């Protein structure tokens, strides 16, 4: 990451917004509840971990650079953060992720049942401030914001369904077009499109500027996700907070992988697809135990009598990804220049977003400056 | 079940409402979508299985017996059915349930990731008709309905959190008071309170009658859940559609169990609590394999060399409930007269609900008749 001179402004702006939003969330989530520690207390777990708070900051900056007030937009911005964290909890369950923001995921700490329910509770609680908006902003604006949030939640579920259908169909030859559609739904909508549109709605801008905001947001969303994919392969472990290289182990569909598969030799593609179809190994459990029993049998340590009783209980031997497999993918991506390709694809979009931002308003402000720096930051960030 | 002479009216009323609601849901859920078969198609899976459609029927009957129109209430009633089924999908994941309405649960068919995401998608989609209500009913009424649905979703999550905290805390000595609070949140709110309140809101009744509806609904909800618990122990397998006796295997907190534990001897209570603390056995998997390996070792079939390599991979031997354990619980419940006790508790509430229903309106209608018969049906139904 090149240390841009104005990175301080970004950090400060994010930190300030995050403080406001956390105050709002603390006021929204009941503090000492009678429903066991397993509902409201856990709703603040992810939001309180070290995080950028990007989405509410984007929402607040958009609103304020267009003449809206902090007071008018804060409830909606906090709601976006609550939605974001509810999605993260459910996504972590769905992806079987181990770590989130440097700590174990919620379902690793409290089990899948609690994690699913806490996410549901957050989605329910998030409606409260959106309904309170009617008093603050009037019925019409409050409903337009609700409509936007409803669309955002649907788009996220659609994006997630697309990705899950690729995993389940073991469909690894995903085209760039598919990748961009999935990212538009899964990342852009809730990270940029909804935050910027809601900022614009609160600031009361006309439909044409709402559309311009939508275009800018879609560009930033894709650039942001591509950078996320790049960091997964190239970041420094300490700064990253997630599992480095985890995307290759999981066979996640990224622009990088799509490019490598589209440009490599037929033989390499064949081998890569074979690797991608294999699941990542599980740390321990039945499959490991089964594999060890099969080894003992092969070595002749287990005789017929013992093995015949164990055999019906063994897990099917499924080939799993090996470190060699993943190293092959990493080399392929390197050799095809796919990371550089993805960097260019992100940079092009970030620059277009930056140019369009200049058309948004002529009034200079720290809020507009933040958004402009952000369009550089999305492709230069280290975490 | 005693075949009440008017059971035909109930069946017919339910069937008619269900047909309207399914039409509404089919119009709401996109038919052939591009998001793989794993989102919108699956949203209709549970709703299309054989089901009573109780919640929308209660909502429609309440609205119409108070002078509201079918057209005015239908969108909201359909939304309740969508919420109900989304909760069922997530509940089945959280409870690890195998069957729902005579067929495998959604996560058994398509995996936990897809099931969690489909539920989230349904919760997002459910906001659409509630927002369309603004055109149909005006802003004020539409917002009051949204507020009620938001409260309903929160109450459900709180009820689920209560139950999960009991399971995780292995707290089996749950008092009646706790049971009733959990049921109020987990069952009554989304099965009766929200449907009846929304029916009343659409029919434009005054606040005092909304409160009366709330009282009736809370009584019916508890009676309904108690009957559910009774059926789990006494129903005929064919009519039931769920796993008979599953509550005892799962150690579910029911009024029946609370009564048995509160009234039995100290020795029986001790033994019962010991049984309840044990998990139910898993069908296959690592624990079964581990147990078989320990047996082989005990029988001397496995020698030191083989066992020493397998031992670090074995699951901790955890005692699981046995058929004898569950038979003991069933006998205890029988001996303490706990089922009869629960039947009385349900009947008292159903009768009170029936008396209060007579105060709701003086205008006779098939809709009021349905609600009156329903308050008998909740404690006499066989499924």
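Residue numbers (the working numbering), protein chains in the order written: chain R, 59 to 441; chain Z, 59 to 441. Where is the CB? At the ideal position from N, CA and C, for every residue including glycine. Just so we're clear, the structure is a prediction, and the values are computed from it rather than from any experiment.
Can you find a CB in chain Z that lies within less than 8 Å of the CB of residue i?
{"i": "residue 103(R)", "result": "no"}
{"i": "residue 223(R)", "result": "yes"}
{"i": "residue 284(R)", "result": "no"}
{"i": "residue 388(R)", "result": "no"}
{"i": "residue 179(R)", "result": "yes"}
{"i": "residue 350(R)", "result": "yes"}
{"i": "residue 86(R)", "result": "no"}
{"i": "residue 363(R)", "result": "yes"}
{"i": "residue 430(R)", "result": "no"}
Check the Cβ of residue i against every Cβ in chain Z and list those closer than 7 Å, keeping chain order.
{"i": "residue 208(R)", "result": "182, 185, 186 and 189"}
{"i": "residue 12(R)", "result": "Residue 12(R) lies beyond the residue range present for chain R, which begins at 59 and ends at 441; the question has no answer from this structure."}
{"i": "residue 175(R)", "result": "152, 215, 218, 219 and 222"}
Residue i versus chain R: which residues are under 7 Å apart at the beta carbon?
{"i": "residue 136(Z)", "result": "Within 7 Å Cβ-Cβ: nothing; residue 136(Z) doesn't reach chain R, min ~16 Å."}
{"i": "residue 259(Z)", "result": "Near residue 259(Z) there are no residues of chain R at all, since even the closest Cβ is about 14 Å away, more than 7 Å."}
{"i": "residue 359(Z)", "result": "363 and 364"}
Are the C-beta atoms of residue i and some chain R residue less than 8 Å apart?
{"i": "residue 161(Z)", "result": "no"}
{"i": "residue 148(Z)", "result": "yes"}
{"i": "residue 417(Z)", "result": "no"}
{"i": "residue 277(Z)", "result": "no"}
{"i": "residue 204(Z)", "result": "yes"}
{"i": "residue 97(Z)", "result": "yes"}
Should residue i be labelled buried (16 or more other beta-carbon atoms within 10 Å of its own) or exposed?
{"i": "residue 66(Z)", "result": "exposed"}
{"i": "residue 178(Z)", "result": "buried"}
{"i": "residue 175(Z)", "result": "buried"}
{"i": "residue 370(R)", "result": "exposed"}
{"i": "residue 428(Z)", "result": "buried"}
{"i": "residue 127(Z)", "result": "exposed"}
{"i": "residue 417(R)", "result": "exposed"}
{"i": "residue 232(R)", "result": "buried"}
{"i": "residue 424(R)", "result": "exposed"}
{"i": "residue 162(Z)", "result": "exposed"}
{"i": "residue 100(Z)", "result": "buried"}
{"i": "residue 235(Z)", "result": "exposed"}
{"i": "residue 381(R)", "result": "exposed"}
{"i": "residue 353(Z)", "result": "exposed"}
{"i": "residue 361(R)", "result": "exposed"}
{"i": "residue 129(Z)", "result": "exposed"}
{"i": "residue 358(R)", "result": "exposed"}
{"i": "residue 262(Z)", "result": "exposed"}
{"i": "residue 212(Z)", "result": "buried"}
{"i": "residue 335(Z)", "result": "exposed"}
{"i": "residue 439(Z)", "result": "buried"}
{"i": "residue 198(R)", "result": "exposed"}
{"i": "residue 114(R)", "result": "buried"}
Interface residues of chain Z around residue i at Cβ under 9 Å?
{"i": "residue 308(R)", "result": "Residues of chain Z passing the Cβ test: none, with the nearest at roughly 12 Å."}
Cβ closer than 9 Å: which chain R residues qualify as neighbours of residue i?
{"i": "residue 113(Z)", "result": "Correct list: empty, because the minimum Cβ distance to chain R is about 17 Å."}
{"i": "residue 212(Z)", "result": "179, 182, 183, 185 and 186"}
{"i": "residue 192(Z)", "result": "197 and 201"}
{"i": "residue 347(Z)", "result": "344, 347, 348, 351, 368, 371, 372 and 373"}
Residues of chain Z with a CB under 8 Å from the CB of residue i: which are they?
{"i": "residue 263(R)", "result": "What residue 263(R) touches in chain Z: nothing, since even the nearest Cβ is about 21 Å away."}
Using a Cβ cut-off of 7 Å, pull out every chain A residue sitting near residue i, in sequence order please.
{"i": "residue 367(R)", "result": "The structure shown contains no chain A; the protein chains it does contain are R and Z."}
> At which residue ranges does the stretch 368-433 of chain R contain complete alpha helix (DSSP H) runs of 4 or more residues, listed in the order of the chain?
Replying inline: If we require 4 residues or more, the alpha helix (DSSP H) runs fully inside the stretch 368-433 of chain R come out as 381-393 and 396-415.
> Can you list, in chain order, the stretches of the alpha helix (DSSP H) that have 4 or more residues and sit fully within the stretch 120-200 of chain Z?
Replying inline: 128-153, 164-168, 170-183 and 185-195
> When Cβ atoms are compared, which residues of the stretch 70-82 of chain R fall closer than 9 Å to chain Z?
Replying inline: none
> Unbroken alpha helix (DSSP H) runs of length 4 or more, entirely within the stretch 224-249 of chain Z: which are they?
Replying inline: The stretch 224-249 of chain Z contains these whole alpha helix (DSSP H) runs: 234-241.
>> So within the stretch 263-327 of chain Z, which uninterrupted alpha helix (DSSP H) runs reach at least 4 residues, ignoring any that extend past its ends?
In response: 265-292, 295-298, 304-308 and 313-321
> At which residue ranges does the stretch 77-111 of chain Z contain complete beta strand (DSSP E) runs of 3 or more residues, listed in the order of the chain?
Replying inline: none
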